[in-house]
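K.L.:
First residue of the sequence shown: 323, per the numbering used here; consecutive thereafter. The C-beta atom is built at its ideal place from N, Cα and C for all residues, glycine as well. No experiment lies behind these values; they were computed from the predicted model shown.
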Amino acid sequence: MREQQRITVICGHYGCGKTNLTLNLALEAAAAGEKVTVADLDIVNPYFRSSEYGGLLEGHGVRLIAPVFAGTTLDTPTLPPELYSLFEPESGRVFIDAGGDDAGVTALGGMHALLEEAGYDMLYVINRYRVLSQTPEEAAALLGEIQAASRLQATALVNNSHLGVETKRQDLLDALEFAKRTAELTGLPLLYSTAPDFSLQEGEALPEGFKLVKRYVKFLWE
């Protein structure tokens, strides 16, 4: 089994749920007594970003780095100095919430050499129920674009297929073949599938291979 790295990058298609997963992973690590830093590198989407949950993170002792990028066409390797602290051991466990698609991960391109040197895990989050990534072929093609833009290689898949608050246990099970086929096409291991905490009714068991995640990210009207 591959040794877990100190730095984890979370990437994926717009709306796949990577920010909520980032929050779950960071808060779990903090609850386990680890020193944790979250970096929000989403330069495209002004909503559903880790930086929108600074109070939640800081309330659990998690440091947040949320640099502000001008526009959405960042093409320079120059990054805010604070980001380079991620490569210092004092930052503890690091979770990087990358932007959606190839445009959103552009900022990572300026850090790829440092990430390669330090070692990293890159989780590619997939969601069968999101437009433009509803087939294994679409999800695999999108990963290729993300890897080219970031100059990084994904190390594992996380199946985060859900339908928001309407999600039921069967919806989770129905997405398993999609996840397995995407893993085959990309050559990546399927790390786990997620089950939102609201998706299981009383008495329903968590399916094997699933990780229960809390819902922190909510819609603007909630």
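With DSSP as the reference, please indicate the residues paired to residue 444 in a beta bridge.
P.N.:
For this step, residue 444 is matched to residue 122 along the sequence shown. For residue 444, which the question treats as bridged, DSSP gives the partners 331.
K.L.:
So what does DSSP say about residue 514, is it helix, strand or coil?
P.N.:
Position 192 of the sequence shown holds residue 514. Residue 514: strand per DSSP, three-state reduction.
K.L.:
For residue 597, I'd like the list of residues in its chain whose CB is within less than 7 Å of its CB, leaving aside the five on either flank, ordered along the chain.
P.N.:
Here the chain covers residues 323 to 544 and nothing more, so residue 597 does not appear.
K.L.:
Mind checking which residues open and close the alpha helix (DSSP H) that includes residue 466?
P.N.:
Here residue 466 refers to the residue found at position 144 of the sequence shown. From DSSP, the alpha helix (DSSP H) with residue 466 extends over 458-472.
K.L.:
Any heavy atom of the ligand MN closer than 7 Å to the CB of residue 330?
P.N.:
You won't find the ligand MN in this model; it holds no ligand whatsoever.
K.L.:
Excluding five sequence neighbours on each side, which residues of the same chain lie with their C-beta closer than 6 Å to the C-beta of residue 532?
P.N.:
Residue mapping note: residue 532 aligns to position 210 of the sequence shown, counting from 1. Closer than 6 Å at Cβ, skipping near neighbours: 515, 517.
K.L.:
On the CB-based measure, 16 or more other CB atoms within 10 Å of its CB, does residue 340 come out buried or exposed?
P.N.:
By one-based count along the sequence shown, residue 340 stands at place 18. Buried, since its Cβ has 16 or more Cβ neighbours within 10 Å.
K.L.:
On the CB-based measure, 16 or more other CB atoms within 10 Å of its CB, does residue 331 come out buried or exposed?
P.N.:
Your numbering for residue 331 matches position 9 in the sequence shown. Of the residues assessed, residue 331 falls on the buried side of the cut-off, its CB having 16 or more other CB atoms within 10 angstroms.
K.L.:
Hey, residue 334 and residue 447: beta-carbon distance below 8 Å or not?
P.N.:
On the sequence shown, position 12 is the one that residue 334 refers to. On the sequence shown, position 125 is the one that residue 447 refers to. Against a cut-off of 8 Å, the Cβ pair of residue 447 and residue 334 comes out as a contact.
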